[in-house]
């Protein structure tokens, strides 16, 4: 299946007469692919949103069963892409075939989970009967239902080319809710995005849904992203990416005459609290698990553990971490921009006199992201805001504490987080009950004795958290509850029987 490099605009594959193109970066070779991808024009973006507006008038009236069938058809189409999808993504990301096969299955599971949710919804309409005999005034009958918002703009993420990109959770949740979707494909994996768009197109055509239910465009011009979120036809935004870009896009949505929800999942350092008894009992095993979690995806997970808070006397833990990282080798990062930002951030840490650089992995190639591990005191971590900034890549800071009071000080200075883990024995957890209760107000997911990497797709999941982890503390980007992002409540009163 030859890649066209074109934009899918309401069922049509369109290029750009101005020949504004780019090629995909291939991390494993530090080179670029041959296929040229067309940056969409402003006209094409407008066509996509206008088609989504027209499609919404039909799609919002489709039955839950029909939308469930669409999601199942999309999952079948993904599998029909076969090895070409895996190999294309492998070249564009440097991820292993095994990693990509797992993520593909996760994406299919996500589609199927929302399909099941549509057929057997956890939330149903709330009905309140009327009472004509109530005094002093009769009580009206009311029914609280939910209706879709309208066309949704989705921004794909670089680090999960399937599960958080063209067919990621935001797209699936919006389609399940009855909202057409316009995707701005991530330039880190444009070929992957085109193939996934084809899978959606095939399912739409097979089930005879309006072609405007889904469109996708490429662009390396930031202005087109701002035009998308400012377009009057867009009624909500789903975004996974950097805090810097999200803040700029939010400003654009604020320039609209009508405010719309912006659901951004931005970043997190995912602090790991290791309590004293646990550190004494399992220091070696904990050290290895944390190192492996940090190295997963070469540190390019939003849930990568970036700060490890351990007792000062846990010398064995520190030594085990240092030995593990020193024996690792460097690996690729997703884009040239991510590599440059990572190198710059690590260089700044190495020059910081409040930090000790206790371990570095072996560098295989100059364009790789090489894992680094630093250590500092609780005092320096609390008083230096720069030590609490996320570094996207294989890097972590170990923070040592002497007394439990320092743990509370650390919690108080933390920004909002996607996750935190508390590693402790039953005795540790009972002794630090107040600390854990305080932590719950800083995070979206509180984990006991497990690593933060890995997000389960289930109704009880919450993948979000206080800003800057996400822009809406009340919602999740993973799990069936994500459908609520793209629905709004409607009360129907005194409806005819």
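Residue numbers (the working numbering): 7 to 503. Backbone N, C-alpha and C define an ideal beta-carbon position, used for all residues, glycine too.
| query | result |
| --- | --- |
| Give a yes or no on whether the C-beta atoms belonging to residue 197 and residue 30 are separated by under 8 Å. | yes |
| Check each candidate in 485, 499 and 496 and name the one with the smallest Cα separation from residue 128. | 485 |
| Please report the Cβ distance between residue 476 and residue 456, rounded to the nearest whole angstrom; I am assuming they are in contact, meaning their Cβ atoms lie under 8 Å. | Actually they are not in contact, since the Cβ atoms of residue 476 and residue 456 sit about 21 Å apart, beyond 8 Å. |
| Rounded to whole angstroms, what is the Cα-Cα separation between residue 151 and residue 163? | 32 Å |
| Taking the beta strand (DSSP E) that residue 190 falls in, what are its first and last residues? | 187–190 |
| Just to confirm my understanding: we take residue 235, look at its own chain, exclude 5 residues before and 5 after, and list those with CB closer than 7 Å. What are they? | 159, 243, 255, 258 and 259 |
| Would you tell me roughly how many angstroms separate the C-alpha atoms of residue 393 and residue 251, rounded to the nearest one? | 21 Å |
| Suppose you measure from the CA of residue 324 to the CA of residue 407; what does that come to, to the nearest Å? | 13 Å |
| Go ahead and label residue 167 buried or exposed: buried means 16 or more other beta carbons lie within 10 angstroms of its beta carbon, across all protein chains shown. | buried |
| Give the single residue among 144, 339 and 146 whose Cα lies nearest to the Cα of residue 35. | 339 |
| Let me check one thing: in DSSP terms, what residues is residue 250 bridge-paired to? | Answer is none; residue 250 lacks a bridge partner. |
| From residue 470 to residue 80, what does the alpha carbon distance come to, in whole angstroms? | 26 Å |
| Which ranges does the beta strand (DSSP E) cover as unbroken runs of at least 3 residues, wholly within the stretch 30–66, from first to last along the chain? | 37–44 |
| How would you write the range of the alpha helix (DSSP H) that residue 385 sits in, first residue to last? | 384–389 |
| Tell me, please, whether the stretch 333–349 touches the stretch 372–382 by the rule of three or more beta-carbon pairs shorter than 8 Å. | yes |
| Does DSSP put residue 23 in a helix, in a strand, or in coil? | coil |
| Measuring alpha carbon to alpha carbon, tell me which residue in 499, 497, 496 and 466 is nearest residue 483. | 466 |
| Residue 194 and residue 224 - do their beta-carbons sit closer together than 8 Å? | no |
| Among 414, 271 and 315, whose alpha-carbon lies nearest the alpha-carbon of residue 450? | 271 |
| Bridge partners for residue 375 per DSSP, in chain order? | 337 |
| Rounded C-beta distance between residue 511 and residue 64? I'm assuming under 8 Å. | Summary: the structure shown does not reach residue 511, with the chain confined to residues 7 through 503, and so no result is reported for it. |
| Three Cβ pairs or more, each shorter than 8 Å: is that satisfied between the stretch 267–287 and the stretch 303–320? | yes |
| Taking contact to mean 3 or more Cβ pairs, one atom from each stretch, closer than 8 Å, check whether the stretch 70–88 and the stretch 177–191 are in contact. | yes |
| In three-state DSSP terms, what is residue 327? | helix |
| My output table needs one value for residue 420: the three-state DSSP class, helix, strand or coil. | coil |
| Using the beta-carbon count (16 or more within 10 Å), is residue 110 buried or exposed? | buried |
| Pop quiz: residue 3 and residue 282 are said to be a contact at Cβ under 8 Å. What is the actual Cβ separation, rounded to whole angstroms? | This structure cannot settle anything about residue 3, because the visible part of the chain is limited to 7 through 503. |
| Alpha helix (DSSP H) containing residue 290: first to last residue? | 282–301 |
| Just tell me which of 384, 398, 401 and 453 has its CA closest to the CA of residue 419. | 384 |
| So, residue 173 versus residue 206, is the Cβ gap smaller than 8 Å? | yes |
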